[in-house]
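Engineer:
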Amino acid sequence: MQLKRENLIPALRLLAAQGEILVPTAVDEKVSKFAPWDGSSAPDLALVNTTLPPKDTLFPHQEGMYRYKTAGEPSLEEIVEAPARILFGVRPCDARSIDCMDKVFLGDKYEDAFYARRRANVTVIAHTCAQTGPTCFCDSMGLSPAEAPSADLLLSDTETGWLVTAQTEKGEAVAALWKDLTAEGGEAAPAPACTLKTNMSDALAGTLVSRFEDPIWDEVCHACLGCGTCTYLCPTCYCFDINHEDHGGEGTQFRCWDSCMFSDYTRMAGGHNPRPSKKERLRNRYLHKLAYFKERYGQILCVGCGRCVGHCPSHLDITAFIDKAAERFGEGK
Amino acid sequence: MSDIQSALRETAKKLLTEGTVTCVIGWGETRFPDKTTPIFVKTPEDAEKLVWNAHCVCGLAKYMLDNRCPEGKLAICVRGCDSRAVNRIVEDKQYKREDLYLIGLPCEGKDAPICATCTHRNPVVYDVLLGGPVPEIEVSQEDRFQAVTALEGLTPAEQYDYWQKQFSKCIHCYACRNACPACNCTECYADQYRVGWQGKQIDKAENQVYGLTRAFHVGDRCIECGECERVCPMGLPIMSQTRKILKDINDLWGNYECGLTDSRPHILGEFDLSDRDDFM
Amino acid sequence: MSRIGVVVCHCGTNIAGVVDVERVAAEAAKLPNVVFAVTNKYTCSEPGQATMKAAIEEHQLDRLVICSCSPRMHEATFRRMLKDTRINPYMLEIANLREQCAWVHTDKEKATEKAIDLMRMAVAKVEQNKPLFTSTIPIHKKCLIIGGGIAGIQAALDVADAGYQVTIVEREPSIGGHMVMLDKTFPTLDCSACISTPKMVDVGQHPNITLMTSSEVVNVGGYVGSFEVTIKQKARYVDHTKCTGCGLCETKCPTKVPSEFNQGYNKRTAIYKPFAQAVPAKPVIDPDSCKMLKEGKCGVCAKVCPLGCIDFKDTAKEYTETYGAIIVATGYDLIPWQDLYGEYGGGRYADVITGLQFERLVNASGPTEGHILRPSDGTEPKDVVIIKCVGSRDPHKGKSYCSRACCMYSAKHAHQILEKLPGANVYIFYMDVRTPGKGYEEFYDRTRADGAVYIRGRVSKIYKENGKLVCKGEDTLLGKPVSVQADMVVLATAMVPAVGVEKLTTMLGIATDPDKWVQEAHPKLRPVETQTGGIFLAGTCQGPKDIPDTVAQASAAAVKVCGLFSKDEMETSPMISGVDQQKCCGCGFCVNCCPYKAISLVEIDAREGARRVKKTVASVNSGLCQGCGCCTAACRTGAIDLSGYTNAQILKEVDALCL
Amino acid sequence: MSVKADPNWEPKILAFCCNWCTYTGADLAGLNRMKYPANVRVVRLPCSSRVNPQFILRAFQKGCDGVMVCGCHPGDCHYATGNYFTRRRFMLMKRLLEYNGIDPQRFQARWISGSEAAKFRDTVTRVAGEIKALGPNTRFQEKWYEEGGEAQ
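Chains as they are written, first to last, in my numbering: chain A, 27 to 359; chain B, 41 to 320; chain C, 1354 to 2012; chain D, 275 to 426.
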């Protein structure tokens, strides 16, 4: 089925009834993120990658968990906040990142109630990439700019509109909703290739873990400033910290993002820090992205969206590291 | 530009072979032609990787704080702003000047917005200077504080809305703090949750309080290198806060510019009986 | 979890009359961690305190909040009460419900609401309190007195008589200061030497007093109870332990130089005692004039000395001692009037002299054996003009303050002239006559009765005209210009701090006022103390004054020292700053804003990752810190914190305010 | 439970007072039974130089409508030079706050000595009046109040 370009706005209006639509919008000339659709203008799907990933809708920067009262008669109530939302215009790399988060928070051994509630009410409508950005390298990471297997619904570019392929029940529901706006025919335009290449391989992941004390880590880490930009912009970083905010007799317990690159992230009560310097922290982040996650969940945690490569203040580059490691340890494809 | 680059490589090679320094910090290639990244050259052969072009925008001085008790000497390539950053860190007693070997590089300005109002293109402190000094551009106080005066003209409501919109974008990644040479504490107040200075929550008021507190902490020692605005992923106008404090200091207590060899000492660390007093 | 007790005081009807104390107590009971909340008629009374002590035991409280009158009233009382309970005296917070709530508000509802807020703030703060313990610092029972004038002498005698060791450091070769230069002292006209030399001899012979003349303090470290003071004694080239003061060497010495003591009016030898009654009564050699030391010729004194006390190879020596207290008694100097008052001849006319020079002329042991003679030609003057307020009360050319003693000593000079030179005329140009002491006014009346002519006005110009000094001025009472032909003019010049005292005050770290006099802790309530603990002051170093006030201050300072020395150890307040050396980055911002220079950067061993390294951090000297907290606001990381008013406490207090 | 919604709303003003001068002046005002509005809550500190500018931000963030810093007159500080530093710090902080949209009257610093009880009363009365005219402070308000529904 194909959705003509001019039917986009009516389609979105139909969707709006289901819940709040979040589309990629440019906040100002430097920052863009998934913000509520203003209900009239066509979303800018040509925007390469939003500065802030869509993970904020499922795993908010700050999420109230419980509200408690200690003065008078103590009370504790869970904060339930799971509005129905539709993520529209998600790129294949972000769609894959949502899949990674699902594996963590909706895992077999433990399911995170807060995340689960939100995820149940969110529909992900992916959109294939018409052209890739300078820092995109998703095809080196086993993804394709033309497919988003984990998304609910996929819109593939055609000359006159988009090819609608539903991939889950939620996707079916949306496709059904749009059935009189879509028509037969149209075939997807050829998928573009990423300009930035890096030869990541499963074998390399294994060697990196075995090369824990290799001097390569020391060579790469020095330029890092230890700020949290890469982790907060990364769609697949899911570390969080729990804290509370109290006002004498009452307050809230909340969960907020945390970054393994911060110096105090692993600082223990007695002041000992198992990852005291940048070397350990950067090594931990790269290994988590490229190897540890794969060992546990079977897929690499880096979706190649290129946000960290584009926004790192010191211009560190994970693809350069991968190529350097591959060439040094002879794992090149 | 390239003869300075080769001179830089020669100097680095000489320093490393003679063993006067253990490491040379400069800029190196990345896979993107329009970007360079700080590199840490430890062997004479690697000196070939040092580059000097219009894309060397990353500040280098802050990296000395990775090892506050160094064994050997550390060489750093210093443009005008880096040399002031070195002065800043040495004046704040976080590093000893004799543990540093500064390779001075006069800079015609890089592709960063701050370079338009850069008052000191020639390094103010160096051990060796590569290439002749470049002509300084004349920056009047109006240009220096142009953004600040514009904001001062607004009404309190407009001012608050402007800052409210800016600070609500802050995602607390602390890139501004980690890039700023004046932010050189071993343990930042923002990381001490037990004391209760600052919560971990991300909301409009908390971001604004963090922004203002950091502005007050570094405002009177800010060397106007523009790193905070360059590194901020969300594009906050952080310099307009610190430059506001610098503008007030200039208005209240006379000409004040930080990080220069003849800079006045830390202004909040001293007082004058004849200070202006609005609190009578 | 802390167990907090809250007591809300009625204070009779002072508080209960306006604030609903029962409701405050009820609100307190609702707060988390508050396990005991009650009201009390008179909390500060004996029964009031007894009920609190019982409650502390019964409810096992570990913190206490008392909502009563101002903490400035009963904080000490309640802290003493807690001393004999299980609660540390500093786990206490007091909410001011009387002076700052009940007494100043009329609207009962709003006052009660404010009282509840104040109570909630106190409870929030007390939760963050930590037990504090007073620490003690040792007191070395040795007193250092800087300056050997009458102030230093009197203070030394008082402290030494109380049985403590005293060291006097005096710049000149002999003690005595300015007072021993004077002839008579007002108002009783008893001879200055007769009342000061016996005290000087007592000082010389007192077993508890060590005298260090020709010496200067070069370094002061440490703090109250243990000041590390380095004293440098100039080379004297005479071994005072062997010398008996026979004076043979002085008679034989060939070189003659102007005597500073006699203001240059007569000569003294290179090896000399400044004046006859000098203490120690042993000569010293002046290296600037002694031929032997300058050119290596002569050495007569060494030859004639029966005991071989002369040693030309003598060098300056430095001694370092520990003192428990320091008394600053550095005295005064006269203002350099020659550079300021060109209209009075600027020093060109020999017969225009200062009061001090006049004192030497009129002094029996002075250069003229007491005959008042004109320094220019040695003749007796017939007409003498005395000009007062030269440099004093003159903000444009000199000092803005009044030098207090000149009115009286000018009257004394007039009296001496009229007495010693029958038929002489004395004209005194004055702005005001200030006679604030016992018997002062009567002395002034007697001088006028003796014939001294007081002219109300200031001399505008002095110039020489056929051998006479013409003083042109104005008599404001007659409203007419006046001019007097005088043979001699005596100027009552202003007192200024002793030359070089700034070096000493910066070494000691004590403040000086804009005119560089030493700053007393409080002009009315603590006149002999400085802001720095253990450093006291006496005499004109604190400001112009006459001899009675100086001696009174000297004895006051002495009793302050004896009070300090009466205990072996001194308790220091625990509410002082402390540094968390883990957080401190050694930036030193706190160091230069501490009024007491109590913070210093020290090197400690620390661990950086796996390496042992030297790290520079701040450290607070508990003896010097007075707990103002200025450093805590300068510290970005909050590494330095003030016990009793920590950052956490104040933050919680502010949070509690706005619920 | 916030008081912001009801009409005869009373501003809540926080005053950091130095123990040796202003706090004594306030006590003296009490001894002389002077009257002033009940809006000011005093935090007693050893010296005005103990006030960290971050406390001012904290006060506004937690819902104060006005903040005052009071200390001894420069030159009379019990700790000699404490208030000279206060003066410099708050000359800068006041301008920074105004630059960020805080109404100038909401933050005031005043030198009030131990004997100036009348000046303390007049200052408090004036500030309370000014802030009542300004209305509740919505600047820097924590989210906690936003969930409460008023503020902005």
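Yeah, the Cβ is synthetic: ideal placement off N, Cα and C, and Gly gets one too. Note that the structure is a prediction, hence the values are computed from the model and not measured.
1. Is the Cβ-Cβ distance between G336/A and S166/A less than 8 Å?
2. With M1848/C as the anchor, note down where its beta strand (DSSP E) starts and where it stops.
3. Which partner residues of D1994/C appear in the DSSP bridge assignment?
4. Considering Cα atoms alone, identify which of P305/B, D317/B, F319/B, M320/B is closest to C130/B.
5. Please look up how many angstroms separate the CB atoms of H1458/C and V1371/C, rounded, as I've assumed it's under 8 Å.
6. Just to make sure I have the definition right: I need the residues of chain D whose C-beta is within less than 8 Å of the C-beta of F311/B. Which are they?
7. Going by Cα to Cα distance, which pick from A47/B, T157/B, C155/B, Y229/B is closest to R254/B?
8. According to DSSP, which residues form a beta bridge with M342/D?
9. Which residues, in chain order, does the stretch 1947–1980 of chain C contribute to contact with chain B at a C-beta distance below 8 Å?
10. Counting only runs that start and end within the stretch 1544–1597 of chain C, where is the alpha helix (DSSP H) found for 4 or more residues in a row?
11. May I ask you to report which of helix, strand or coil DSSP gives N357/D?
12. Flag G375/D as yes if its beta-carbon sits less than 8 Å from any beta-carbon of chain B, otherwise no.
13. Going by C-alpha to C-alpha distance, which of W204/A, F131/A, G277/A, Q44/A sits closest to M366/A?
14. Short of 7 Å Cβ to Cβ, which residues in the stretch 289–313 of chain A face chain C?
15. Under 8 Å between C-beta atoms, does Y103/B make it to chain D?
16. At a Cβ cut of 8 Å, what residues of the stretch 87–113 of chain B count as close to chain A, listed as they run along the chain?
17. Looking only at its chain, what residues have a beta carbon closer than 6 Å to the beta carbon of R217/B, apart from the 5 residues adjacent to it on each side?
18. Which residues in chain B have a C-beta closer than 7 Å to the C-beta of P348/D? List them in chain order.
19. Between which residues of its own chain and I211/B is the CB-CB distance below 8 Å, once the five residues before and five after are set aside?
20. How far does the alpha helix (DSSP H) with Y1676/C in it extend, from its first residue to its last?
21. Across the stretch 248–267 of chain B and the stretch 113–132 of chain B, are there enough close Cβ pairs to call them in contact, namely three or more that are closer than 8 Å?
22. May I ask you to list the residues that DSSP assigns as paired with R1778/C?
23. Check for me: the alpha helix (DSSP H) holding P50/A runs from which residue to which?
24. K1741/C and A1629/C look like a contact to me (Cβ under 8 Å); what is the Cβ gap, rounded to whole Å?
25. Please state if the CB of G1896/C and the CB of T1903/C are separated by a distance shorter than 8 Å.
26. Figure out for me which residue from T62/B, T83/B, E182/B has the closest Cα to the Cα of N107/B.
27. My understanding is that I1863/C touches I1888/C, with C-beta atoms under 8 Å, so please give their C-beta distance in whole angstroms.
28. Exposed or buried, which one is A425/D when buried takes at least 16 other CB atoms within 10 Å?
29. In the DSSP assignment, the beta strand (DSSP E) including V1361/C goes from what residue to what residue?
30. Can you give me the Cβ contacts of C1978/C inside the same chain, cut-off strictly under 7 Å, excluding the 5 residues immediately before and after it?
31. Measuring straight from C-alpha to C-alpha, what distance separates G68/B and K53/B?
32. Cutting at 6 Å between CB atoms, please list the residues of its own chain near N293/D, excluding the five before and the five after it.
33. Could one say the Cβ of C1940/C lies closer than 8 Å to chain B's Cβ atoms, at least one of them?
34. Verify the CB distance criterion: does A1998/C have a CB-CB separation below 8 Å to chain D?
35. Can you tell me where the alpha helix (DSSP H) with F1711/C in it begins and where it stops?
36. Counting only beta-carbon separations shorter than 8 Å, does T278/A have a partner in chain C?
Structural biologist: If we stick to the structure as given:
1. no
2. 1848–1850
3. G1931/C
4. Note that residue 130/B is Val in the sequence shown here, rather than Cys. Looking at the Cα atoms, P305/B is the closest of the given residues.
5. 6 Å
6. By Cβ distance, chain D contributes T355, Y358, F359, R361, R362.
7. Y229/B
8. A289/D, Q382/D
9. Correct list: L1954, E1961, R1964, V1966, K1967, K1968, T1969.
10. 1545–1558
11. helix
12. yes
13. It is not possible to answer for residue 366/A, since the shown part of chain A is limited to 27 through 359.
14. G297, P302, S303
15. For Y103/B, the answer is no, since every Cβ of chain D falls outside 8 Å of its Cβ.
16. C98, K102, Y103, D106
17. Cβ within range, chain order: C223.
18. D317
19. I242, P273, M274
20. Premise fails: Y1676/C lies in the beta strand (DSSP E), 1670–1676, not in any alpha helix (DSSP H).
21. As far as the Cβ criterion goes, the stretch 248–267 of chain B touches the stretch 113–132 of chain B, which means the pair count is three or higher.
22. Inspection of the sequence shows that residue 1778/C is occupied by Asn rather than by Arg. DSSP output for N1778/C lists D1736/C as bridge partner(s).
23. Element bounds for P50/A: not the alpha helix (DSSP H) but the beta strand (DSSP E), 46–52.
24. Wrong, their Cβ atoms sit about 31 Å apart, outside the cutoff.
25. no
26. T62/B
27. Between I1888/C and I1863/C the Cβ distance is about 6 Å, and since that is below 8 Å, they are a contact.
28. Note on A425/D: pLDDT 31, under 50, position unreliable in the model; the coordinate value appears next. Looking at its Cβ environment, which holds 16 or more other Cβ atoms inside 10 Å, A425/D is buried.
29. 1357–1362
30. I1929, S1930, Y1949, A1951
31. 15 Å
32. R318, P320
33. yes
34. What sits at residue 1998/C in the sequence shown is Tyr, not Ala. Among the CB atoms of chain D, one or more fall inside 8 Å of the CB of Y1998/C.
35. 1708–1715 is the span of the alpha helix (DSSP H), which, as asked, contains F1711/C.
36. no
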